[in-house]
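> The structure that follows is given in the form of structure tokens.
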Amino acid sequence: MKESLSIKEALDNISGCSNHHESGKKRSAIKPGLIVDIIQKQDQRTGKTTRGIVREILTGSPTHPHGIKVRLTTGQVGRVSSIIHK
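So that you can map any letter, position 33 of the sequence shown is 58 in this note's numbering, and since no number is skipped, the others follow by simple counting.
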């Protein structure tokens, strides 16, 4: 019997994307210059993401359950939901 796919796996299959983006919960994985998706405070309810380049890491702790807070080169601030390109 075939195992059912998670929603993320199903969406990845539809979009043709087989690689999984890295989570933004570890500070050590995030560096200035990375392309990331963030969720800004006002978008937390909807989960809308904003893509940009990390200018500054704002979270001081090594991990955060909701994502490391960063400032993008555009000045927008939010928590990293995924790392797009290293």
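Idealized CB from N, CA, C, for every residue including glycine.
(1) Following the continuous beta strand (DSSP E) through ILE55, name the residue where it begins and the one where it ends.
(2) Could you check whether ARG80 and ARG70 sit closer than 8 Å to each other, using their CB atoms as the reference points?
(3) To the nearest whole angstrom, what separates the beta carbons of GLY72 and ILE64, a pair I think is in contact under 8 Å?
(4) To which residues does DSSP link SER107 through a beta bridge?
(5) What separation, rounded to the nearest whole angstrom, lies between the Cα atoms of PRO87 and THR99?
(6) What's the gap between the Cα of HIS91 and the Cα of LYS50?
(7) Starting from THR75 and walking both ways along the beta strand (DSSP E), at which residues does that stretch end?
(8) Between the Cα of ILE60 and the Cα atoms of SER48, ASP68, GLY85, GLN67, which residue gives the shortest distance?
A quick look at the data gives this:
(1) By one-based count along the sequence shown, residue 55 stands at place 30. First-last for ILE55: undefined, no H or E at that position.
(2) Here the question's residue 70 lines up with position 45 in the sequence shown. Here the question's residue 80 lines up with position 55 in the sequence shown. Cβ distance not < 8 Å, so ARG70 and ARG80 don't count as in contact.
(3) Locating residue 72 in the sequence shown gives position 47, where the first residue counts as 1. Locating residue 64 in the sequence shown gives position 39, where the first residue counts as 1. The Cβ separation is near 6 Å, so the contact holds.
(4) By one-based count along the sequence shown, residue 107 stands at place 82. In the DSSP secondary-structure assignment, SER107 is bridged to ASP62.
(5) Translated into the one-based positions of the sequence shown, residue 87 becomes position 62. Translated into the one-based positions of the sequence shown, residue 99 becomes position 74. Using only the alpha carbons, I get a separation of about 24 Å.
(6) Mapped onto the sequence shown, residue 91 falls at position 66. Mapped onto the sequence shown, residue 50 falls at position 25. Taking the straight line from one Cα to the other gives about 7 Å.
(7) The count along the sequence shown starts at 1 and reaches residue 75 at position 50. Residues 75-82.
(8) Residue numbering aside, residue 60 sits at position 35 when the sequence shown is read from its first letter. Nearest option by C-alpha distance: SER48.
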